[in-house]
């Protein structure tokens, strides 16, 4: 009754406009979530091994969790039709709370903790990417991705070491800290008022099959290429984070070498703004090809090196270019997504984590039947090199600012 007399500026106050989400808002959410994941990154393997007592059982659990995570991630767009996106993201944050509570309980509850936190990561990742595609223009995607990594740098650098130190002091402590971070994440998300994203619908209704959007994905070569870039980049990280420490131990190098190098590598995240400037001056195509070529070279040299120290140095050098791929490798996919398919394709894109988490250990186990760990480095090198070839099909000016693009065309 009284709504007609309410001024428009009161119904939509300037404060709400001031909080319109942008690159910094999404980077803040990514940074807070990185506090949870970074703190628990090195805690979960230790807690799982302590609870299950057998490395093979731990590997089996991780494999099963990866399959569950992949399935849930592909079903999320269908769930999103019945559950608004803001509630899905909130459910993801609450799964972090549940997982941390189960981890703090200890014992076999740590398996539930791993499942809950993994599903939380998938849910939040899909929803956040959908929000980014809603509110960030194509020309600003590079800045958004770089800020997300920059805001997460400290958490990924200090989190693993801090988590293990807290675990040694009192086992439940890192999980309790993660629970606090999850509460902060949920609070900031609701303060930002992201809602359910922008409403963009096709003329015809969505397909009834929850997996029908996979057909749309396979019909778009640019999306397939962008997804493959993400999968192989993630396989490279698996080779570095998981198999480098094993290689070091088998060759008489310090047991802590892998963790130390991983922390130093994560420190490169602080220079991602400089990497973004380089990408913007060149192009996404140049950055992606450079990243895959140099990373493939590093893994290849590690596979062929007779000296363990030289092999480790080559892998460490390759990791710097994996960071470059973190900056630029996801842009081809994000720039190719149609507005009407944001949520569905965000779910497809997020599956790269689960696919690489299933693919790398599976192929690695087969390689180890006939070759040492350096054989895994060789396989990773071949995979990265194949992405270098595929990236050659990207548009030469992809990701270049419009003004720079016009000047280059004028020069030609």
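Numbering (the working numbering), first residue to last: 9 to 420. No residue lacks a Cβ here, since even glycine has one placed at the ideal position from N, Cα and C. Just so it is clear, the structure is predicted and the values come from calculations on it, not from any experiment.
Run of the alpha helix (DSSP H) containing residue 137, from where it starts to where it stops: The count along the chain shown starts at 1 and reaches residue 137 at position 129. Segment 117–143, the alpha helix (DSSP H) holding residue 137.
From residue 397 to residue 296, what distance separates their C-alpha atoms? Residue 397 sits at position 389 when you count from the first residue of the chain shown. Residue 296 sits at position 288 when you count from the first residue of the chain shown. Each residue's alpha carbon lies about 10 Å from the other.
Can you list, in chain order, the residues of its chain with a C-beta nearer than 6 Å to that of residue 225? Leave out the 5 residues immediately preceding and following it. Taking the chain shown and counting its residues from 1, the one referred to as residue 225 is at position 217. Closer than 6 Å at Cβ, skipping near neighbours: 231, 356.
Is it true that the region 242–259 meets the region 114–121, where meeting means three or more beta-carbon pairs spaced less than 8 Å apart? no
Range of the contiguous alpha helix (DSSP H) that encloses residue 349: Mapped onto the chain shown, residue 349 falls at position 341. Counting along the chain, residue 349 falls outside any alpha helix (DSSP H), and DSSP gives it neither H nor E.
Less than 7 Å between the beta carbons of residue 273 and residue 327, yes or no? Looking up residue 273 in the chain shown gives position 265. Looking up residue 327 in the chain shown gives position 319. Contact flag set, yes.
Is it right to say residue 178 is buried, meaning 16 or more other beta carbons lie within 10 angstroms of its own, or is it exposed? Taking the chain shown and counting its residues from 1, one reaches residue 178 at position 170. The residue is exposed, with fewer than 16 neighbouring Cβ atoms inside 10 Å.
Hey, quick one: how far does the alpha helix (DSSP H) through residue 381 stretch, first residue to last? Here residue 381 refers to the residue found at position 373 when the chain shown is read from its first residue. Segment 381–399, the alpha helix (DSSP H) holding residue 381.
Alpha-carbon to alpha-carbon, residue 344 and residue 353: If you number the chain shown from 1, residue 353 lands on position 345. If you number the chain shown from 1, residue 344 lands on position 336. Each residue's alpha carbon lies about 10 Å from the other.
Here's a check: name, in chain order, each residue in its chain whose Cβ is nearer than 6 Å to the Cβ of residue 209, leaving out the five neighbours to either side. Sequence index remark: in the chain shown, residue 209 carries index 201 (1-based). Its pLDDT being 42, under 50, residue 209 is placed unreliably in this model, and the coordinates cannot settle the point.
Taking the alpha carbon of residue 145 as the point to measure from, which residue in 338, 92, 89, 30 has its own alpha carbon closest? By one-based count along the chain shown, residue 145 stands at place 137. With distances taken between Cα atoms, residue 145 lies closest to 30.
With contact counted as at least three CB pairs below 8 Å, one residue from each stretch, are the region 33–45 and the region 154–161 in contact? yes
What do you reckon, are the CB atoms on residue 51 and residue 122 nearer than 7 Å? Position 43 of the chain shown holds residue 51. Position 114 of the chain shown holds residue 122. No. Outside cutoff.
Would you tell me roughly how many angstroms separate the C-alpha atoms of residue 196 and residue 377, rounded to the nearest one? Residue numbering aside, residue 196 sits at position 188 when the chain shown is read from its first letter. Residue numbering aside, residue 377 sits at position 369 when the chain shown is read from its first letter. Each residue's alpha carbon lies about 48 Å from the other.
How is residue 259 classed by DSSP in three states: helix, strand or coil? By one-based count along the chain shown, residue 259 stands at place 251. Three-state result, residue 259: coil.
For residue 223, count neighbouring Cβ atoms within 10 angstroms of its own Cβ and tell me buried if that reaches 16, exposed if not. Numbered from its first residue, the chain shown carries residue 223 at position 215. Burial call: exposed.
Between the alpha carbons of residue 5 and residue 330, how many angstroms are there, rounded? In the structure as shown, the chain starts at 9 and stops at 420, and residue 5 therefore has no counterpart that could be examined.
Could you tell me if residue 260 is buried or exposed, where buried requires 16 or more neighbouring beta carbons within 10 angstroms of its beta carbon? Position 252 of the chain shown holds residue 260. Burial call: exposed.
Contacts around residue 71, its chain only, beta-carbon distance under 6 Å, and the 5 residues preceding and following it disregarded: As a working mapping, residue 71 is identified with position 63 in the chain shown. There are no such residues.
Residue 190 and residue 104 - do their beta-carbons sit closer together than 7 Å? Translated into positions along the chain shown, residue 104 becomes position 96. Translated into positions along the chain shown, residue 190 becomes position 182. Taking 7 Å as the Cβ cut-off, residue 104 and residue 190 qualify as a contacting pair.
Looking only at its own chain, which residues have a Cβ that is under 7 Å from the Cβ of residue 182, when we skip the five neighbours before and after it? Here residue 182 corresponds to residue number 174 of the chain shown, with the count starting at 1. Correct list, in chain order: 47, 48, 51, 171, 174, 175.
Suppose you measure from the CA of residue 333 to the CA of residue 167; what does that come to, to the nearest Å? Counting from 1 along the chain shown, the entry for residue 333 is found at position 325. Counting from 1 along the chain shown, the entry for residue 167 is found at position 159. Approximately 22 Å, taken between the alpha carbons.
Helix, strand or coil for residue 201, going by three-state DSSP, please let me know. Stepping through the chain shown from its first residue, residue 201 is reached at position 193. It is coil, neither helix nor strand.
Our contact map puts residue 280 next to residue 165 with C-beta atoms below 8 Å; I'd like the distance itself, whole angstroms only. Indexing the chain shown from 1 puts residue 280 at position 272. Indexing the chain shown from 1 puts residue 165 at position 157. Contact flag wrong, Cβ pair sits at about 13 Å.
Taking Cβ to Cβ, would you say residue 243 is nearer than 7 Å to residue 336? Here residue 243 refers to the residue found at position 235 of the chain shown. Here residue 336 refers to the residue found at position 328 of the chain shown. No, they are not a contact pair.
Curious, which full-length alpha helix (DSSP H) runs of at least 4 residues does the region 222–255 contain? 229–246
Residue 86 classed as buried or exposed, judged by whether at least 16 other C-beta atoms fall within 10 angstroms: Here residue 86 refers to the residue found at position 78 of the chain shown. Buried, since its Cβ has 16 or more Cβ neighbours within 10 Å.
Figure out for me which residue from 282, 78, 94, 102 has the closest Cα to the Cα of residue 199. Position 191 of the chain shown, counting from 1, holds the residue named residue 199. For residue 199, the nearest C-alpha among the options comes from 94.
Name the residue from 319, 369, 367 whose alpha carbon lies nearest to the alpha carbon of residue 265. If you number the chain shown from 1, residue 265 lands on position 257. Out of 319, 369, 367, 319 has the C-alpha closest to the C-alpha of residue 265.
Which residue wins for smallest C-alpha separation from residue 300, given the options 245, 271, 251? By 1-based counting over the chain shown, the position of residue 300 is 292. For residue 300, the nearest C-alpha among the options comes from 245.
Please confirm whether residue 385 and residue 311 have their CB atoms less than 7 Å apart. Locating residue 385 in the chain shown gives position 377, where the first residue counts as 1. Locating residue 311 in the chain shown gives position 303, where the first residue counts as 1. Against a cut-off of 7 Å, the Cβ pair of residue 311 and residue 385 comes out as a contact.
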